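To start, the structure under review is shown below, and the notes come after it.
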Amino acid sequence: MTIGEGTAGTVAPSQRSSKRTALHLFKEYLPYNLVGFAITLSSLLILALGLNENAAAILGRRLDNPLGVVGSYFVHEDLWHLLMNLFSYLISTSIVWVSSKARPKLGYLLERTTTWKAWNLIVLALMFLVGAVDLLANPLYRLSMSAVGMSDLVSALLAVALAHLHLIAFKLAKLRARKGVMIFLALIVCVSGLLVVSFYLRALMVGINAPAHVFGALVGMIIALALIIWNKNLLLIITYMINILLIEVGWRLINI
656 MTIGEGTAGT VAPSQRSSKR TALHLFKEYL PYNLVGFAIT LSSLLILALG
706 LNENAAAILG RRLDNPLGVV GSYFVHEDLW HLLMNLFSYL ISTSIVWVSS
756 KARPKLGYLL ERTTTWKAWN LIVLALMFLV GAVDLLANPL YRLSMSAVGM
806 SDLVSALLAV ALAHLHLIAF KLAKLRARKG VMIFLALIVC VSGLLVVSFY
856 LRALMVGINA PAHVFGALVG MIIALALIIW NKNLLLIITY MINILLIEVG
906 WRLINI
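Count the sequence shown with our numbering and you get residues 656 to 911, in order.
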């Protein structure tokens, strides 16, 4: 049996080319996740060695532990906690990577964040910024609570990724690619839904630090909005701000 025009047991050149292209894209995407992989490997090692309590005591975020501002991201309660956060992290990096491919290039400041180096720098900056804001503003820490995990960080990253979805939809609209616009509008709804669900206050009853999620999301939204406002595209500014307002409405509705 032959495949394409090749001889028995061979693979057609077009298939080999497709495999090389897929491998190239995968290698191109991987560096976007460097910080996330470092956090994941650290958390997996701690879980495998059964050192959760010891690691939380050293790296946990609490008022008497400045190291916890960033250190808390490298510890997770259990494997499920880690996998859920990693899933959201990969969603955000996938969106930014796709945004790096979107055409036409408009020279916007937001577009400059789509290289893997720039994205990892943003992730590192958000780790410090979100951690500090959460520690200072979250009232739960005044109750001697300690927190671990990167849920607040991924909330911030999703908020920035949401701005990239708006930018991609805007570019597709300029090209009059209606189906593409509809697909990315659906993705905007999905990511917005993730951000809404993340601030379910009743989750506090099962030990989930829901306020940290919203502080992370708010920091990410402010950063993303600043990047959008820089280029003074009124349509992008308005659509993203409307999106933020709808997320806030969602937060209020689920916590009635």
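By construction, the Cβ of each residue, glycine as well, lies at the ideal position given by its N, Cα and C atoms. Note that the structure is predicted; figures quoted are calculated from it, not measured.
Here F854 is buried: its Cβ has 16 or more other Cβ atoms, across all protein chains shown, within 10 Å.
As the crow flies, the alpha-carbon of F742 is around 31 angstroms from that of L830. Residue pairing from DSSP places A802 in a beta bridge opposite R716. Counting only the Cα atoms, F825 lies some 15 angstroms from I750.
Sixteen is the threshold: since fewer than 16 other Cβ atoms of the shown chains lie within 10 Å of the Cβ of R767, the residue is exposed. 9 angstroms or more divides the Cβ of V846 from the Cβ of L882. A direct Cα-Cα distance of roughly 26 angstroms separates N793 from L745. L859 sits exposed, since fewer than 16 C-beta atoms from the chains shown fall within 10 Å of its C-beta.
A contact between stretches requires three or more CB pairs, one per stretch, nearer than 8 angstroms, and the segment 807–815 meets this requirement with the segment 865–878. D733 is classed as exposed because its beta carbon has fewer than 16 other beta carbons within 10 Å across all chains shown.
Between L718 and R797, the C-beta gap is smaller than 9 angstroms, which places the two residues in contact. Taking 4 residues as the minimum length, the alpha helix (DSSP H) runs contained wholly in the segment 716–775 are 723–726, 734–756, in order along the chain. Of all C-beta pairs linking the segment 700–711 to the segment 721–733, three or more are shorter than 8 angstroms, placing the two stretches in contact. The alpha helix (DSSP H) runs of length 4 or more contained entirely in the segment 858–909 are, from start to end of the chain, 865–884, 889–909. In this structure, the beta-carbon distance from A773 to L817 does not fall below 9 angstroms. Note on V778: 16 or more other CB atoms within 10 angstroms of its CB, so buried under the neighbour-count rule.
The criterion of a C-beta distance shorter than 9 angstroms is satisfied by A757 and I823.
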